[in-house]
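Heads up: the sequence shown runs through residues 11 to 400, numbered per the numbering used here.
Beta carbons are placed, not taken as given, at the ideal position from N, Cα and C, and that holds for glycine.
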Amino acid sequence: MLDALGIQKIDDLFTDVPEANRFPDLNLPPAMSEMEVLREIDELAGRNTTGPGIPGRRPLSFAGAGAYQHFIPSVVSYLAGRGEFTTAYTPYQAEASQGTLQAMFEYQSMLCDLLDMDAVNASHYDGATAVAEAAIMAVRATRGRDKVVFSGALHPEYIEVAKSYLQPQGITVEIADSPDLPGAADQSTAALIVQNPDFLGRIHDLSGLADQVHNRGALLVLHVDPIATALFKSPGSLGADIVTGEGQPLGIPVSFGGPYLGIFATRASLVRKMPGRLVGRTTDTDGRRGFVLTLNTREQHIRREKATSNICTNQGLMALRAAIYLASMGPIGLREVAERCYHNAHYAADRLAEISGCSVNAGDTTPYFKEFVLTTPLPADTLISQVVSQ
């Protein structure tokens with residue numbers, strides 16, 4: 011093409027442009043991350059109004075308590091919204107849906123690494139149902155024991171959901187508010203269920219707790235924030251037998267309360283007692299890799315009367331979002347999210363504590379992660395209404 015034009019090099023095409031103007035200094039600001047770009051655009055859009063004098067920016071919710079407005083990379087919604095993935099079901103005919111099964115297998119694998127556990131199922135409805143199913147599994151695994159002890163610092167709504175699962179089955183529910191949690195376990199206790207960070211955001215040193223619980227013949231169930239596991243000791247390293255969690259922080263919008271994602275993990279020795287679906291990797295007769303629903307005889311569509319759970323559908327699409335989020339963030343990115351949560355929460359707490367009449371955590375010096383209790387001279391409803399209006 012250069013020969014046809016009678017020129018020697020591409021630069022000759024621009025000889026009419028003065029050399030001083032060919033590569034001008036554009037004076038551009040430093041590069042920004044996707045989160046920073048979206049925040050900038052959101053601030054510009056916030057200059058608009060949705061009515062007479064009403065700002066157009068969407069207020070953020072810092073209410074916490076199991077639902078968090080974390081930044082979600084655009085790639086999560088883009089990939090999860092593809093037509094091939096638009097389903098909330100794990101397929102019964104696994105060989106017909108290899109892509110869906112592989113995505114779930116990747117989700118399970120990443121959660122196993124994050125939690126330091128041997129097996130993760132393909133998901134539960136939410137964190138509350140995961141806790142309830144963990145309690146039932148513990149009773150089933152410790153034959154002859156019919157009591158489950160819940161830490162009083164566990165999410166109160168999770169305890170209520172668990173009661174609705176357990177009490178009709180004749181399982182005793184006990185709430186332990188004493189600092190001596192292992193002391194609440196006796197010869198009839200199947201499991202001690204503890205949340206860390208707890209409902210109030212506090213971080214507890216659980217070293218040695220598993221040994222104390224095991225010495226009483228019970229199982230230890232830990233309910234965790236998956237973001238926190240990128241920063242603190244993994245539940246597996248703490249000796250947990252069963253791990254549950256709310257997966258909403260992993261790339262899932264708050265969406266007025268759902269759909270969310272129940273995380274459920276356990277050790278290899280207990281995997282046959284675990285509820286929910288498991289995706290496994292295998293090879294066919296020709297040596298080709300394939301994905302299957304494994305240990306199917308645990309499930310209600312195979313042996314209803316002996317199934318480990320009555321779960322018949324799960325949060326497959328939400329598990330996919332979590333898998334994409336974890337893959338896009340990577341270990342370093344997830345740790346950065348956890349560090350930002352920690353430092354931003356402490357910054358906010360310090361600033362709020364400077365306000366006359368306000369106090370944080372009522373003087374409790376227990377370390378906390380991304381949530382804390384704020385005491386104010388105003389009723390909470392009044393304060394929230396005033397803040398939202400501004």
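1) Cα-Cα, which of 297, 385, 272 and 345 is closest to residue 131?
2) Measuring CB to CB, does residue 257 end up less than 8 Å from residue 270?
3) When the Cα of residue 244 is compared with those of 265, 229, 215 and 267, which residue comes out closest?
4) Check the DSSP bridge columns for residue 304 and list the partner residues they point to.
5) Could I get the ranges of all uninterrupted alpha helix (DSSP H) runs contained in the stretch 107-179, with 4 residues as the minimum, in chain order?
6) By DSSP, does residue 264 sit in helix, in strand, or in coil?
7) Please classify residue 55: is it buried, with 16 or more other beta-carbons within 10 angstroms of its beta-carbon, or exposed?
8) When you compare only the Cα positions, how much space is there between residue 329 and residue 197?
9) Apart from the five residues just before and just after residue 387, which ones in its own chain have a Cβ nearer than 6 Å to its Cβ?
10) Count the other CB atoms, across all protein chains shown, that sit within 10 Å of the CB of residue 53; report buried if there are 16 or more and exposed otherwise.
11) Run through the DSSP bridge pairs and tell me what residue 335 is partnered with.
12) First and last residue of the alpha helix (DSSP H) that includes residue 47?
13) Here's the rule I'm using: 16 or more other beta-carbon atoms within 10 Å means buried, otherwise exposed. How should residue 401 be labelled?
14) Where do the ends of the beta strand (DSSP E) carrying residue 383 lie?
15) Report the three-state DSSP secondary structure of residue 348 (helix, strand or coil).
16) Within the same chain, show all residues whose beta-carbon is closer than 6 Å to that of residue 209, passing over the 5 residues directly before and after it, in chain order.
17) Indicate whether residue 82 and residue 148 have their beta-carbon atoms separated by less than 8 Å.
18) Straight-line CA distance for residue 362 to residue 355?
19) Taking the alpha carbon of residue 168 as the point to measure from, which residue in 217, 182, 43 and 143 has its own alpha carbon closest?
20) In the DSSP output, what is residue 274 paired with across the bridge?
21) Rounded to whole angstroms, what is the Cα-Cα separation between residue 297 and residue 108?
22) Rounded to whole angstroms, what is the Cα-Cα separation between residue 137 and residue 325?
23) Hey, how far is the Cα of residue 383 from the Cα of residue 303?
24) Return the Cβ separation of residue 185 and residue 145 in integer angstroms, given the expectation that the two are a contact with Cβ distance under 8 Å.
25) Would a C-beta distance cut-off of 8 Å place residue 129 and residue 276 closer than the cut-off?
26) Would residue 79 and residue 70 qualify as a contact pair, given that the criterion is a beta-carbon distance under 8 Å?
27) For residue 74 and residue 93, I'd like the C-alpha separation in whole angstroms.
28) Go through its chain and collect everything with a Cβ distance to residue 124's Cβ below 6 Å, but skip five positions before and after it.
29) Based on the DSSP secondary-structure assignment, which residues constitute the bridge partners of residue 186?
30) Is it buried or exposed for residue 400, if we count other Cβ within 10 angstroms and need 16 for buried?
31) My guess is that residue 220 and residue 250 are in contact by the Cβ rule of under 8 Å, so how many angstroms apart are they, rounded?
Inspection of the coordinates gives the following:
1) 272
2) For residue 257 and residue 270, yes; Cβs fall inside 8 Å.
3) 215
4) 288
5) 108-125, 137-151 and 166-176
6) coil
7) exposed
8) 37 Å
9) Answer for residue 387: 367, listed in chain order.
10) exposed
11) None; residue 335 has no bridge partner.
12) 44-55
13) Any property of residue 401 remains undetermined from this structure, which presents the chain solely from 11 to 400.
14) It is not in any beta strand (DSSP E) - residue 383 carries neither H nor E in the DSSP assignment.
15) helix
16) 163 and 165
17) No, these two residues do not count as a Cβ contact at 8 Å.
18) 10 Å
19) 143
20) 254
21) 16 Å
22) 11 Å
23) 43 Å
24) Not confirmed; about 13 Å, so no contact.
25) yes
26) yes
27) 32 Å
28) 239
29) 161
30) In the assembly as shown, residue 400 is an exposed residue. Its beta-carbon has fewer than 16 other beta-carbons within 10 Å.
31) 6 Å
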